[in-house]
Amino acid sequence: MAMAMAKAKEDEDHPKRHRIFTCGTLKTGFANHNLMQDLMINHNHAVFLGKYSTHLSFPLLLGPYAIPYLINLPGSDCGPVRGEV
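The sequence shown: position 5 = 202 (the working numbering), numbered continuously.
Written out as structure tokens, the structure is:
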């Protein structure tokens, strides 16, 4: 029982973190980057790790209202997608 309580306390102190690859409007210099900045600066919920690109090529299209969509068709002739983690 004490071990389970210790594990629960550990989970509270160190919540699980996820890596998010942004390849659209959340990237630096784009329209919604202020949302990421707010998480980093005001809430300490995000950390910028760097610029990355996919190993495989994927189509990245702009939809209505200039919203980017990454299409799950690996190996297309579109080239790797550049983004941030």
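Ideal Cβ placement from N, Cα and C applies to all residues, glycine included.
- The beta carbons of Gly272 and Ser250 sit no closer together than 8 angstroms.
- In this model, Leu223 and His242 are separated by some 15 angstroms (Cα to Cα).
- By alpha-carbon distance to Glu281, the top candidate from Thr225, Leu267, Asn229 is Thr225.
- The shortest C-alpha to C-alpha distance from His252 to any of Leu270, Asn239, Tyr266 is the one to Leu270.
- Assigned with DSSP and collapsed to three states, His240 falls in coil, not helix or strand.
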